[in-house]
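What follows is a single structure, written as structure tokens, with notes after it.
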Amino acid sequence: MLRQLEGSRAIAETVALCRPEVVCAYPISPQTHIIEAIGRMVKDGSLAPCEFINVESEFAAMSVSIGASAAGARAYTATASQGLLFMIEAVYNAAGLGLPIVMTLANRAIGAPINIWNDHSDAMAVRDTGWIQLFAETNQEAADLHVQAFRLAEELSVPVMVCMDGFILTHAVEGVDLLDQATVDRFLPPYEPRQVLDPDDPVSIGAMVGPEAFEEVRYLAHLRQLDALDQIPVIADAFAELTGRASGGLVHPYRTADADTIVVAMGSVLGTIKDAVDRRREAGDRVGVLGITSFRPFPIAAVRRALSGARRVVVIEKAFSLGMGGVLATDVSMATLGSTAVLSTVVAGLGGRPIPRRSVEETIERAGRDQLTPLSFLDLDDGIIERERGRMARTRRSGPFAENVLRDLRQAKEGRP
Amino acid sequence: MFQVRIHGRGGQGVVTAAELLAVAAFNEGRHAQAFPSFGSERTGAPVVSYCRIDDREIRTREPVMAPDAVIVQDVTLIHQVDLFGGLGPDGYVLINTSRRIAELGLDDLDERFRPERLATCPATELAIEHVGRAVPNAALLGAFAALADQVPLEAIGVALRDRFGGVVGEQNFAAATAAFEHVTRGREAITRAATT
Amino acid sequence: MSHDPTDAPALDQRVHFYQVGSFAVGNRLLNADDRTVQSSAQRTNSIDSGHRACQGCGEALGARYALDAAMRATNGRLLAVNATGCLEVFSTPYPETSWRIPWLHSLFGNAPAVATGVSAAMRVKGREDVRVVAQAGDGGTVDIGFGTLSGMFERNDDVLFICYDNEGYMNTGVQRSAATPPAARTATTDVVGDEPGNPFGQGKDLPRIAMAHDIPYVATATVADLHDLERKVERAMSLRGARYLHVFVPCPLGWGAASNETIHLARLAQSTGLFPVFEAERGVVTNVLPIRRWSPVEEYLTLQRRYAHLVGPRGRPDIVARLQAIADANVVRYGLLPDERNDGEDD
Chain A
273 MLRQLEGSRA IAETVALCRP EVVCAYPISP QTHIIEAIGR MVKDGSLAPC
323 EFINVESEFA AMSVSIGASA AGARAYTATA SQGLLFMIEA VYNAAGLGLP
373 IVMTLANRAI GAPINIWNDH SDAMAVRDTG WIQLFAETNQ EAADLHVQAF
423 RLAEELSVPV MVCMDGFILT HAVEGVDLLD QATVDRFLPP YEPRQVLDPD
473 DPVSIGAMVG PEAFEEVRYL AHLRQLDALD QIPVIADAFA ELTGRASGGL
523 VHPYRTADAD TIVVAMGSVL GTIKDAVDRR REAGDRVGVL GITSFRPFPI
573 AAVRRALSGA RRVVVIEKAF SLGMGGVLAT DVSMATLGST AVLSTVVAGL
623 GGRPIPRRSV EETIERAGRD QLTPLSFLDL DDGIIERERG RMARTRRSGP
673 FAENVLRDLR QAKEGRP
Chain B
399 MFQVRIHGRG GQGVVTAAEL LAVAAFNEGR HAQAFPSFGS ERTGAPVVSY
449 CRIDDREIRT REPVMAPDAV IVQDVTLIHQ VDLFGGLGPD GYVLINTSRR
499 IAELGLDDLD ERFRPERLAT CPATELAIEH VGRAVPNAAL LGAFAALADQ
549 VPLEAIGVAL RDRFGGVVGE QNFAAATAAF EHVTRGREAI TRAATT
Chain C
593 MSHDPTDAPA LDQRVHFYQV GSFAVGNRLL NADDRTVQSS AQRTNSIDSG
643 HRACQGCGEA LGARYALDAA MRATNGRLLA VNATGCLEVF STPYPETSWR
693 IPWLHSLFGN APAVATGVSA AMRVKGREDV RVVAQAGDGG TVDIGFGTLS
743 GMFERNDDVL FICYDNEGYM NTGVQRSAAT PPAARTATTD VVGDEPGNPF
793 GQGKDLPRIA MAHDIPYVAT ATVADLHDLE RKVERAMSLR GARYLHVFVP
843 CPLGWGAASN ETIHLARLAQ STGLFPVFEA ERGVVTNVLP IRRWSPVEEY
893 LTLQRRYAHL VGPRGRPDIV ARLQAIADAN VVRYGLLPDE RNDGEDD
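Chains as they are written, first to last, in my numbering: chain A, 273 to 689; chain B, 399 to 594; chain C, 593 to 939.
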């Protein structure tokens with residue numbers, strides 16, 4: 273039923289429809305509303321049977337999920353930012369053990385300086401863990417991806433992370449069409465673990481593997497990720513057949529067919545970019561957008577196909593690797609290897625910096641005039657940068673960046689030099 | 399697309415107001431998107447929320463920078479934050495106060511905006527009277543329905559009853575209705591003044 | 593309590609006593625009631641032979657008794673979670689495993705939380721007959737696993753957590769943990785400077801910390817008294833909620849002791865008062881294992897190279913005296929010697 277509701281609420285209700293059996297909760301903004309709502313549903317009995325466990329850290333949240341999943345229970349948790357980093361050892365472990373845990377990542381920046389707002393730094397920090405990472409463009413897609421995530425995870429025995437932009441999606445109230453229980457049950461069969469802790473059939477899980485086999489184990493895990501490249505579209509198609517909605521899949525191309533400039537991005541910013549593209553189209557520019565839904569596994573072939581006609585590829589991404597540049601762009605460059613397309617990276621929206629449609633349009637225009645540098649930062653305040661660099665040039669111990677920048681901003685606001 | 403920006407302080411239901419407005423528009427068959435300014439604000443700190451209403455799918459995720467209407471839930475913000483930034487000359491302004499615009503030290507408002515699109519409403523007083531709590535958001539939504547013709551009062555009522563339920567829902571709707579009538583009377587007075 | 597094989601539950605894992613090849617195993621010459629679980633040919637053999645533990649490993653011994661006792665107490669309905677550490681490494685050399693019970697190893701610091709998850713899964717599936725044991729060394733318990741352990745305790749999750757305490761990080765080459773005793777040499781507390789070895793005034797007393805959580809059951813035991821260990825495991829498995837068992841397991845390698853001294857050292861730790869053996873329920877001590885034949889700490893220290901700098905002609909009697917004071921304080925705190933200390937007269 274189509275309802276107007278908060279993104280977090282839509283996720284909580286959708287996860288509940290997926291009949292999770294063990295849900296762990298540790299508060300961190302901006303995922304808290306999801307876990308709060310699930311906790312309420314377990315407590316009032318509307319989600320049963322389910323164990324809702326308030327743990328003492330994100331590390332414990334993922335660890336409890338590992339235990340529950342290894343013992344055959346469908347396990348779910350949610351986190352963001354520092355919380356994801358705090359559990360990262362267990363994030364790797366869950367993937368290494370092949371446990372089909374589903375986790376919502378309410379994407380948020382990583383400190384220091386501490387920042388609660390949205391960007392994709394947290395997801396990028398765990399891209400090599402062996403988890404499947406799916407990025408949602410809207411709350412509708414975020415909700416739908418959770419249903420697909422459980423099925424994908426359990427079919428492949430791989431954990432799946434559904435990434436949705438913190439605040440921008442989690443706290444946005446918009447129309448979401450939630451599935452009913454019968455539809456979800458039809459799509460998502462009960463969890464049948466491949467290997468499970470059972471007194472009637474004792475197995476050892478998590479044994480040490482030495483140099484004689486470790487590389488093979490990792491390679492097989494990679495092959496499993498490649499299997500996911502086949503499975504993700506199959507599951508998205510099955511989902512579309514059932515619901516009529518084109519949620520999920522590997523990539524979402526928009527007006528790319530005849531485009532000579534294609535913007536590549538992930539997550540909720542795709543909506544703003546589509547608006548910008550429509551306006552540039554009205555002005556006569558041949559522009560399109562390629563939304564990447566599956567970041568891990570990275571769909572190199574699908575991206576290559578979608579970008580094959582483009583002369584310019586502009587990757588707008590909410591994260592970057594300090595000292596190097598774009599993270600998504602690096603992966604996209606693997607898909608454009610051998611092509612003559614010019615690849616530019618535009619880092620945008622860090623730490624919740626708004627990405628205005630106007631700025632995206634200007635970026636597209638600049639790209640069209642071949643004026644984009646290989647790496648640029650959207651709406652960077654050059655004055656602040658120059659002042660801080662000047663300060664650093666004058667005194668070796670010029671203090672921490674963050675405090676200096678904040679002081680500059682305050683002085684500028686108060687009209688002082 | 400019609401874009402609303404709501405200014406207030408933590409604890410005044412600023413975020414809820416945007417949500418209720420979006421729900422009301424949704425109930426009228428329109429597309430709507432509401433979201434807060436995403437701060438880690440505490441009770442009493444300045445808070446901003448946004449609502450977009452459109453007849454087609456809303457895709458953009460940028461904050462509302464050029465609103466069509468600004469609702470000020472807390473008049474003490476007037477000299478603290480840039481309340482009317484980005485609001486064009488045809489924009490709507492709704493301020494929660496029992497005073498008149500002229501008494502607020504905002505002399506230029508009359509010049510910047512069209513008088514029939516400016517309104518004040520004693521929403522806090524109406525909330526205390528009808529709900530028993532100094533939370534002005536429901537009343538302001540009623541006032542907004544009267545001022546901007548974007549959502550009918552009845553749709554606000556459905557959203558309020560849905561959200562609060564039972565007696566509290568009725569009380570909130572009573573506050574909204576009173577505010578709606580207050581602003582309607584004010585607009586009628588302006589229209590009469592303009593035509594005489 | 594009877595361990596007569598004839599009325600033991602029918603468990604499918606028979607055992608060959610080839611480790612010793614005599615009736616000495618598990619006190620099989622004793623009356624049936626006095627024998628340990630190990631005396632039964634139908635014990636579960638939770639940790640099979642062939643693992644890679646050192647000769648004289650106290651942890652391997654403790655784990656075998658504890659788990660077989662838990663298997664008997666649960667009628668074989670047991671799942672085990674293991675922290676990273678010696679026990680995990682020596683029991684699962686690729687591609688083999690010594691575990692004949694369902695066993696899960698995840699990480700070093702998360703065994704309590706993983707066990708919580710396993711326990712929750714059993715509850716949600718209505719299989720509460722299946723019980724959960726989590727185990728770790730002292731590093732995985734008092735240091736890196738402390739946060740998750742405390743969380744498991746305070747939620748009163750239905751898990752028996754067993755710490756095999758050999759007083760240091762032996763798996764990584766004998767480094768200091770918060771369970772390393774004062775003055776002991778480890779690779780990170782060398783015997784140099786004014787205060788050689790591990791400093792005084794540090795470390796965690798985990799059984800008492802566990803008691804402060806008011807959990808249903810806390811107990812300590814040593815591998816010197818395996819009957820006592822088995823009895824405590826059975827008591828623990830008769831209860832629900834978070835339970836904690838702290839087992840003292842000498843490490844010949846890490847302590848610089850002869851491998852045939854493991855049991856002797858465990859007994860001395862108890863009979864000096866350095867390691868008090870007791871039980872507590874809901875935060876209150878309910879039972880203490882009294883010292884039968886008191887020994888001075890020097891007798892214990894002399895057998896271990898980690899204390900070599902304290903004893904002998906170039907030793908440090910002042911430091912030995914401080915260790916003796918710790919033992920004496922334990923004797924008083926737990927009432928380990930109800931009567932006047934009568935050292936030597938029983939000899």
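Glycine is no exception: its CB is placed at the ideal position from the N, C-alpha and C atoms.
{"Check": "Contact set between B/THR458 and chain A, taken where Cβ atoms lie within less than 8 Å", "Outcome": "GLY543, THR544, ASP547 and ARG629"}
{"Check": "C-beta atoms of A/SER335 and A/ILE306 nearer than 8 Å", "Outcome": "no"}
{"Check": "Rounded C-alpha distance that separates B/ILE554 from A/ASP653", "Outcome": "41 Å"}
{"Check": "Cβ contact check for the segment 417-434 of chain A and the segment 524-533 of chain A: 3 or more pairs under 8 Å", "Outcome": "no"}
{"Check": "Own chain, CB closer than 6 Å to B/VAL446, minus 5 neighbours either side, in chain order", "Outcome": "HIS405 and SER435"}
{"Check": "Option nearest A/ALA288 by Cα separation, candidates A/VAL314, A/SER301 and A/TYR298", "Outcome": "A/VAL314"}
{"Check": "Cutoff 8 Å: A/ARG328 Cβ touching any chain C Cβ", "Outcome": "Before going on, a small fix: residue 328 of chain A reads as Glu here, not Arg. For A/GLU328, the answer is yes, since a Cβ of chain C falls inside 8 Å of its Cβ."}
{"Check": "Cβ-based burial, C/ARG884 [other Cβ within 10 Å; buried from 16]", "Outcome": "exposed"}
{"Check": "Min CB distance B/PHE433 to chain A below 8 Å", "Outcome": "yes"}
{"Check": "CB of C/HIS916 within 8 Å of CB of C/PRO888, strictly", "Outcome": "Here residue 916 of chain C turns out to be Gln, not His, going by the sequence shown. Their beta carbons are under 8 Å apart, which means C/GLN916 touches C/PRO888 by this criterion."}
{"Check": "Residues from the segment 415-429 of chain B in contact with chain A, defined by Cβ distance under 7 Å", "Outcome": "GLU417, ALA420, VAL421, PHE424 and HIS429"}
{"Check": "Cross-strand partners of C/HIS697 (DSSP beta bridge)", "Outcome": "C/ASN674"}
{"Check": "A/ALA479 beta carbon less than 8 Å from that of C/THR689", "Outcome": "yes"}
{"Check": "Chain B contacts from the segment 421-443 of chain A (Cβ-Cβ distance under 9 Å)", "Outcome": "ASP437, GLY438, PHE439, ILE440, LEU441 and HIS443"}
{"Check": "Interface flag, A/GLY610 vs chain C, CB-CB below 8 Å", "Outcome": "no"}
{"Check": "Which of helix, strand or coil DSSP assigns to C/GLY729", "Outcome": "strand"}
{"Check": "Separation of C/GLY795 from C/LEU837, as counted between CA atoms", "Outcome": "18 Å"}
{"Check": "Minimum length 4: unbroken alpha helix (DSSP H) runs contained in the segment 474-558 of chain A", "Outcome": "486-515 and 541-554"}
{"Check": "Interface flag, C/SER614 vs chain A, CB-CB below 8 Å", "Outcome": "Bear in mind that the predicted position of C/SER614 carries a pLDDT of just 46, short of 50, making it too unreliable to give a figure here."}
{"Check": "Endpoints, alpha helix (DSSP H) assigned at A/ASN365", "Outcome": "360-368"}
{"Check": "Closer than 8 Å to chain C by CB, A/ILE596", "Outcome": "Rather than Ile, the amino acid found at residue 596 of chain A in this sequence is Met. It does not: the Cβ of A/MET596 has no partner Cβ on chain C nearer than 8 Å."}
{"Check": "Contact list for A/SER540 against chain B, beta-carbon separation under 7 Å", "Outcome": "ARG459"}
{"Check": "C/GLY865 beta carbon less than 8 Å from that of C/GLN896", "Outcome": "no"}
{"Check": "For A/ASP348, the residue or residues it bridges with in DSSP", "Outcome": "The sequence shown places Tyr at residue 348 of chain A, rather than the Asp named in the question. Note: A/TYR348 sits in a beta bridge opposite A/VAL295 and A/VAL374."}
{"Check": "CB contact check: B/GLN410 to chain A, cutoff 8 Å", "Outcome": "no"}
{"Check": "Chain B residues whose Cβ lies nearer than 8 Å to that of A/GLN303", "Outcome": "Correct list: empty, because the minimum Cβ distance to chain B is about 13 Å."}
{"Check": "Span of the alpha helix (DSSP H) around A/GLN420", "Outcome": "411-428"}
{"Check": "C/GLY737, enclosing alpha helix (DSSP H) - first and last residue", "Outcome": "Counting along the chain, C/GLY737 falls outside any alpha helix (DSSP H), and DSSP gives it neither H nor E."}
{"Check": "CA-to-CA distance, C/GLY793 to C/LEU670, given in whole angstroms", "Outcome": "39 Å"}
{"Check": "C/TYR926 and C/GLU873 closer than 8 Å at C-beta", "Outcome": "no"}
{"Check": "Short CB-CB distance (under 8 Å) between B/MET463 and chain A", "Outcome": "yes"}
{"Check": "Test item: CB-CB of A/SER341 and A/ILE440 under 8 Å", "Outcome": "no"}
{"Check": "Pairwise C-alpha distance: C/ALA705 and C/ARG835", "Outcome": "14 Å"}
{"Check": "Per-residue DSSP class, three states only, for C/GLU720", "Outcome": "coil"}
{"Check": "Same chain, Cβ closer than 6 Å to C/VAL766, five either side skipped, listed in chain order", "Outcome": "GLY760, THR778, ALA779 and GLY846"}
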